[in-house]
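Take a look at the structure set out below.
2 protein chains.
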Amino acid sequence: MTAEEKIKEAARTVFHKKGFAATRTRDIAEEAGINLALLNYYFRSKKKLFDIIMFESFQSFFYTMKEVFNDDNISLEVKIETFVARYIDFIVEQPDLPIFLMNELRNNAEELFRRMDLRNFFQASSFFKQYQERIKAGHPLPSLLHFLANVMGLTVFPFITKPMLQYVGDLDEPDFREFVLERKKLIPTWIKKMYL
Amino acid sequence: MTAEEKIKEAARTVFHKKGFAATRTRDIAEEAGINLALLNYYFRSKKKLFDIIMFESFQSFFYTMKEVFNDDNISLEVKIETFVARYIDFIVEQPDLPIFLMNELRNNAEELFRRMDLRNFFQASSFFKQYQERIKAGHPLPSLLHFLANVMGLTVFPFITKPMLQYVGDLDEPDFREFVLERKKLIPTWIKKMYL
DNA sequence: GTCTATAAAGTGATAGAC
DNA sequence: GTCTATCACTTTATAGAC
Numbered sequence: 001m002t003a004e005e006k007i008k009e010a011a012r013t014v015f016h017k018k019g020f021a022a023t024r025t026r027d028i029a030e031e032a033g034i035n036l037a038l039l040n041y042y043f044r045s046k047k048k049l050f051d052i053i054m055f056e057s058f059q060s061f062f063y064t065m066k067e068v069f070n071d072d073n074i075s076l077e078v079k080i081e082t083f084v085a086r087y088i089d090f091i092v093e094q095p096d097l098p099i100f101l102m103n104e105l106r107n108n109a110e111e112l113f114r115r116m117d118l119r120n121f122f123q124a125s126s127f128f129k130q131y132q133e134r135i136k137a138g139h140p141l142p143s144l145l146h147f148l149a150n151v152m153g154l155t156v157f158p159f160i161t162k163p164m165l166q167y168v169g170d171l172d173e174p175d176f177r178e179f180v181l182e183r184k185k186l187i188p189t190w191i192k193k194m195y196l
Numbered sequence: 001m002t003a004e005e006k007i008k009e010a011a012r013t014v015f016h017k018k019g020f021a022a023t024r025t026r027d028i029a030e031e032a033g034i035n036l037a038l039l040n041y042y043f044r045s046k047k048k049l050f051d052i053i054m055f056e057s058f059q060s061f062f063y064t065m066k067e068v069f070n071d072d073n074i075s076l077e078v079k080i081e082t083f084v085a086r087y088i089d090f091i092v093e094q095p096d097l098p099i100f101l102m103n104e105l106r107n108n109a110e111e112l113f114r115r116m117d118l119r120n121f122f123q124a125s126s127f128f129k130q131y132q133e134r135i136k137a138g139h140p141l142p143s144l145l146h147f148l149a150n151v152m153g154l155t156v157f158p159f160i161t162k163p164m165l166q167y168v169g170d171l172d173e174p175d176f177r178e179f180v181l182e183r184k185k186l187i188p189t190w191i192k193k194m195y196l
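Chains as they are written, first to last, in the numbering used here: chain L, 1 to 196; chain A, 1 to 196.
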C-alpha cells in the first residue's frame, strides 16, 4: 500500500467520523502513519483531499441505487426488496457514512448532484418508468418523491438516530445490528401495505 | 434584548447552521452584533455556550413528543396524527435543527439522554402503555422501537435529505414546503395501512 | 519521496482601559 | 458591561535538506 493510498484511506475514516471542520490534517497523518508533509505533497490541501473523499463517498452511497434501479429484468417489488436489503448491508459496514453525507451536503450539495447527473438518472431509470406505468394503470401510488422519501427514510433513518434508538431500546452493538437487519424483511412488507 | 440574549440567539442560529467545529466565536459575535469579548464575559467559553444551546435544542426537539405522548386523553391514532403534524410544523420553522442534532449527537449523545431521562420517559408514557395494550389485545404491531423509527423516519427524514429531494424533484422553497406539509396527512394514513 | 523546521494565518480567550 | 489590543496556541501549508 503506497503512502498516497494510506492517506486516502485514513482521510476517509477520519472525515467520515468527525466531518471536515473537526478533522485536523494531523489526525489523518497519524491515522495513516505517515509524515504530515506528505499529505500536502500528494493532495495539495486539506480541502482538495476532502473533495475527493466526498465525491467518492457520495458515489458509493448511490452506486447500489443506480445498479438496482436500472435493472430492467426485475419488477418494482423486487427492486424495492433488493435495494433495501443491499443498502442496509452496505451501511452496516459503513455506519458513519449517512450522517457524514447528510451533514456535509449542507455545503456541497448542488455541485455534487449536477456532477453526478442525479436528476437525469432518476428520470431515465427503469425504476422511474415502471413507477409511471403503475400510476397509469390506476394504482394509487403517491408522487415519486414521497415514495423515494419513504423508502429511504425507513431504510436510512435508523442509522442516523442510532445513538437514540440504542439508548431508548437499551441495545448493545449486536442488538442494534439485529434490529436493523430485521428491517431488511420488514420494510418491503410495510411499503407494500402502505400502497395497497 | 440584552447582550446575553443576543449572543444566545446568535449562537443558536450559527451552531445550527454550521455545527460546533465549523463555528468561530467571531461568527457568533458578528451575527449577534456584539463585541467578541462579551461572549467570553457571559459564557466563559465557546464549549460552555455550545453545551447550553445543545441541551436546549435537544429539549425543544423532544418537547412536542413529550407533550403528545403523555396526553392520556387521546388515542394512539390521534397521538400519531398530532405528533406528525406538530413535528412537521416545528421543523418547518427550524429547518437546520434535525441535521444539527443528528450530527452533534455523535459526540454528546449518552450524557444528554441520561440528563433528559429519555428511556424512562418512553417507558412511563401514555403512548407506551397504549401500545402495550394493543399488542396484548392481539394487534400485529412491530416492536415499539421499529414503530418509533418508522414514525420518526417518515416525518424527519425528508428534512435531512432536503437538498437531494429538492434537486431530484426540481423543487424551489415553496414547492418543498408544500411537499412536507402534504405529509402531515399522508404519514398517518400510511402508518395505519402498514399495521392493518 | 520523505523528513525537519518553520512560516503564515486563524482562533479562543483574557488583560486592562473606559 | 463594553471596548481595544494582544497573548497563547493551534493548524494548514511550504521551504529546503536528505
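Backbone N, C-alpha and C define an ideal beta-carbon position, used for all residues, glycine too.
For residue i and residue j, I'd like the C-alpha separation in whole angstroms.
i	j	result
Ala-206 (chain L)	Leu-154 (chain L)	As displayed, chain L neither begins before 1 nor continues past 196, which places residue 206 (chain L) out of reach and without an answer.
Ile-160 (chain L)	Ile-99 (chain L)	6 Å
Ile-74 (chain L)	Arg-134 (chain L)	14 Å
Phe-202 (chain L)	Val-14 (chain A)	Since the first residue shown for chain L is 1 and the last is 196, residue 202 (chain L) is missing from the structure and cannot be characterised.
Asp-27 (chain A)	Arg-12 (chain L)	28 Å
Leu-49 (chain A)	Phe-43 (chain A)	6 Å
Val-156 (chain A)	Asn-35 (chain A)	37 Å
Asn-150 (chain A)	Asn-40 (chain L)	44 Å
Lys-193 (chain L)	Lys-129 (chain L)	22 Å
Ile-80 (chain L)	Glu-81 (chain A)	27 Å
Glu-56 (chain A)	Asp-72 (chain L)	50 Å
Arg-115 (chain L)	Asp-51 (chain A)	38 Å
Leu-101 (chain L)	Val-78 (chain A)	34 Å
Asp-117 (chain A)	Asn-108 (chain A)	15 Å
Trp-190 (chain L)	Ser-143 (chain A)	14 Å
Arg-171 (chain L)	Phe-122 (chain A)	Reading off the sequence shown, one finds Leu at residue 171 (chain L), where the question assumed Arg. Distance between the alpha carbons of Leu-171 (chain L) and Phe-122 (chain A): 15 Å.
Met-152 (chain A)	Phe-113 (chain L)	26 Å
Phe-176 (chain L)	Phe-127 (chain A)	23 Å
Phe-90 (chain A)	Phe-90 (chain L)	32 Å
Glu-178 (chain A)	Asn-103 (chain L)	23 Å
How is residue i classed by DSSP in three states: helix, strand or coil?
i	result
Tyr-41 (chain A)	helix
Ile-91 (chain A)	helix
Ser-143 (chain L)	coil
Leu-171 (chain L)	coil
Gly-33 (chain L)	coil
Ala-137 (chain L)	coil
Leu-196 (chain A)	coil
Thr-189 (chain A)	helix
Asn-120 (chain L)	helix
Arg-86 (chain L)	helix
Thr-161 (chain L)	coil
Asp-197 (chain L)	In the structure displayed, chain L extends from 1 to 196; residue 197 (chain L) sits before or after that span and is not available.
Asp-27 (chain L)	helix
Met-65 (chain A)	helix
Met-1 (chain A)	coil
Asn-70 (chain A)	coil
Ser-125 (chain L)	coil
Ser-57 (chain L)	helix
Taking buried to mean at least 16 other C-beta atoms within 10 Å of its own C-beta, is residue i buried or exposed?
i	result
Thr-2 (chain L)	exposed
Pro-174 (chain L)	exposed
Lys-162 (chain A)	buried
Tyr-63 (chain A)	exposed
Glu-5 (chain L)	exposed
Asn-19 (chain A)	The displayed chain sequence assigns Gly, not Asn, to residue 19 (chain A). Buried is the call here.
Asn-120 (chain L)	exposed
Lys-185 (chain A)	exposed
Ala-29 (chain A)	buried
Val-92 (chain A)	exposed
Val-180 (chain L)	buried
Thr-23 (chain L)	buried
What residues in its chain sit with their C-beta under 6 Å from that of residue i, if we drop five residues either side in the sequence?
i	result
Gly-169 (chain L)	none
Lys-46 (chain A)	Thr-25
Am I right that residue i and residue j are in contact with their C-beta atoms under 8 Å? What's the rounded C-beta distance?
i	j	result
His-16 (chain A)	Leu-105 (chain A)	Actually they do not touch by this definition, with Cβ atoms about 14 Å apart.
Ala-10 (chain A)	Ala-32 (chain A)	3 Å
Met-54 (chain L)	Phe-83 (chain L)	So it is not a contact: roughly 23 Å between Cβ atoms.
Leu-165 (chain A)	Leu-145 (chain L)	6 Å
Phe-69 (chain L)	Ser-125 (chain L)	5 Å
Glu-67 (chain A)	Tyr-167 (chain L)	Rounded, the Cβ-Cβ distance is 21 Å, inconsistent with contact.
Ala-137 (chain A)	Ala-21 (chain L)	Contact doesn't hold; Cβ gap of about 51 Å is too wide.
Spatial neighbours of residue i within its chain, please: CB distance less than 8 Å, with the 5 preceding and 5 following residues excluded, ordered by chain position.
i	result
Leu-141 (chain L)	Tyr-131, Arg-134, Ile-135, Phe-147 and Tyr-195
Arg-183 (chain A)	Val-84, Ile-88, Leu-154, Thr-155 and Pro-158
Pro-95 (chain L)	Phe-159 and Lys-162
Ile-7 (chain L)	Ile-28, Ala-29, Ala-32, Ile-34, Leu-38, Leu-39, Tyr-42, Phe-43 and Leu-49
His-139 (chain A)	Tyr-195
Output needed for residue i: all residues of its chain with C-beta closer than 7 Å, excluding positions within five of it in sequence on either side, in chain order.
i	result
Pro-198 (chain A)	Nothing about residue 198 (chain A) can be read from this structure; chain A reaches only from 1 to 196.
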